[in-house]
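Heads up, the thing below is written out as structure tokens.
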DNA sequence: GTCTATACCCAGATAGAC
DNA sequence: GTCTATCTGGGTATAGAC
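Written out as structure tokens, the structure is:
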């Protein structure tokens, strides 16, 4: 009879997270149109009607997922200024992206599928936010070039290169594990790839290879975040 | 009444190609599960039952598409030997991949979505063919290192880097065009990106930048190949 | 807030007339 | 070889009892 000390809305919050985690799995496996509300309900262990009660409809649920993904996406490379040390900022950029590929592969995959299919649910967001995001970053990189901090390079394609190479390890995980004959990535793999990418890019930019702390993922906390948290 | 000089099976062949081209479009937009046979039929301008007559079922049609994609995929980097000139082989590798991203973006996208979703229709192929493909290539690159033709580097991740950076321009086309504020890629863009990638990679490998013929796509022939040929 | 039952629609696939 | 009509299952969404 001891009434649990859940603060109001705690149950709803937990249900929300369970449903989002289940939806993430299903959307990765079958895409937006190919995923059924029933399969999400089954995986989350709730009746199908409850998902409609919480999220209204499938498009809404999917958009909630995309929003939580874009939120994390926007945190990387947010501390870049003309006065920054390029080696510091770029190595942390590459490293953060690699860590995200390791810790949140499904988020990366859902984003990738959304873009590949023409970004039907994300077009507005892209044109509103992405272009200015890019303009600001490339302007800073160009200022580094003008200050002779790095060798001249096309800043836009440099960012595309870092995006593509790091996200590749999340999105094409299946192919990479098959080809390299591994069962799963280990933290050491993430370190090795991060060094590989920094090595190639920094050589071209005329930067010294930085010393990096090895990547050690935090042991999964009990309920601080759901296991497959939306990115 | 002049009986057309179509060789036997010509009509069937044309129908096949139309259906495959329509299927390619639909599978890119909606994924395997999300695509309906009706929408493929509508796009191809044939009754739905005919597709079942030609391809038996959806999975079969999809696999036919994947096979034609893998066929083209396998042609690149097929002429690599320990005696080859690394600068020549690698620059043509990068260039071919960039040209494929330009000429066959949908093929790249379908392949990407298949891998992202866990390669349910391609797993067997991957484990049978891909690992030996990779072993052979990385062995040759390692031999170049042993011969001091290029600076030491991890051959496997070098190939991943070329795959990811080149395919990115096909798969993430929507995002890239939005961010760079373009309506579509031009042949000049392909040249510029190719040079960008060769520049960075060759600098790290200690190779001279090669002279490259500019990329000029052949003017679309009338019926030599369907407009949206399967890769 | 929760879940059963159901309305309504569209999917893949095939039978069978042409 | 072609296409209409139809079978059967599963989809989204909601009404309404609990």
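Chains as they are written, first to last, in this note's numbering: chain V, 1 to 231; chain W, 1001 to 1231.
For each residue, glycine too, the CB sits at the ideal point set by N, CA and C.
Cut-off 7 Å between Cβ atoms - residues of its own chain near residue i, not counting five sequence neighbours on either side
| i | result |
| --- | --- |
| residue 165 of chain V | 197 |
| residue 126 of chain V | 119 |
| residue 1080 of chain W | 1089, 1137, 1140 |
| residue 216 of chain V | 187 |
| residue 109 of chain V | 28, 170, 171 |
| residue 174 of chain V | none |
| residue 1096 of chain W | 1076 |
| residue 1054 of chain W | 1015, 1016, 1019 |
| residue 70 of chain V | 125 |
| residue 209 of chain V | 198, 199, 202 |
| residue 1158 of chain W | 1141 |
| residue 1191 of chain W | 1214, 1215 |
Residues of its chain near residue i, where Cβ-Cβ distance is below 6 Å and the 5 sequence neighbours each way are ignored
| i | result |
| --- | --- |
| residue 1205 of chain W | 1150, 1151 |
| residue 1039 of chain W | 1026 |
| residue 1200 of chain W | none |
| residue 1015 of chain W | none |
| residue 1111 of chain W | 1069 |
| residue 218 of chain V | none |
| residue 1078 of chain W | none |
| residue 1074 of chain W | none |
| residue 1082 of chain W | 1140, 1143 |
| residue 1207 of chain W | 1087 |
Endpoints, the alpha helix (DSSP H) within which residue i is located
| i | result |
| --- | --- |
| residue 185 of chain V | No alpha helix (DSSP H) holds residue 185 of chain V; DSSP gives it neither H nor E. |
| residue 72 of chain V | 58–73 |
| residue 216 of chain V | Segment: none, residue 216 of chain V is in no alpha helix (DSSP H) and carries neither H nor E. |
| residue 42 of chain V | 37–44 |
| residue 274 of chain V | Examination of residue 274 of chain V is not possible in this model, given that chain V is present from 1 through 231 alone. |
| residue 1055 of chain W | 1048–1055 |
Burial state of residue i, where buried means 16 or more other Cβ atoms lie within 10 Å
| i | result |
| --- | --- |
| residue 117 of chain V | buried |
| residue 3 of chain V | Caution is warranted here: a pLDDT of 40 is assigned to residue 3 of chain V, below 50, making its placement in the model unreliable, and the coordinate value is therefore given only provisionally. Exposed. |
| residue 1044 of chain W | buried |
| residue 1086 of chain W | buried |
| residue 1101 of chain W | buried |
| residue 1091 of chain W | buried |
| residue 49 of chain V | exposed |
| residue 1035 of chain W | buried |
| residue 1106 of chain W | buried |
| residue 153 of chain V | buried |
| residue 13 of chain V | exposed |
| residue 1024 of chain W | buried |
| residue 239 of chain V | An answer regarding residue 239 of chain V cannot be provided, because it is not within the stretch 1 to 231 covered by chain V. |
Close beta carbons around residue i, own chain, < 8 Å, minus the five adjacent residues each side
| i | result |
| --- | --- |
| residue 121 of chain V | 32, 59, 62, 63, 66, 114 |
| residue 156 of chain V | 134, 138 |
| residue 52 of chain V | 37 |
| residue 94 of chain V | 162, 166, 194, 197, 198, 201 |
| residue 183 of chain V | 177 |
| residue 1185 of chain W | 1102, 1169, 1173, 1177 |
| residue 146 of chain V | none |
| residue 1211 of chain W | none |
| residue 46 of chain V | 15, 18, 19 |
Task: Every unbroken alpha helix (DSSP H) inside the stretch 81–166 of chain V [4 residues or more] - done: 86–103, 105–116, 131–146
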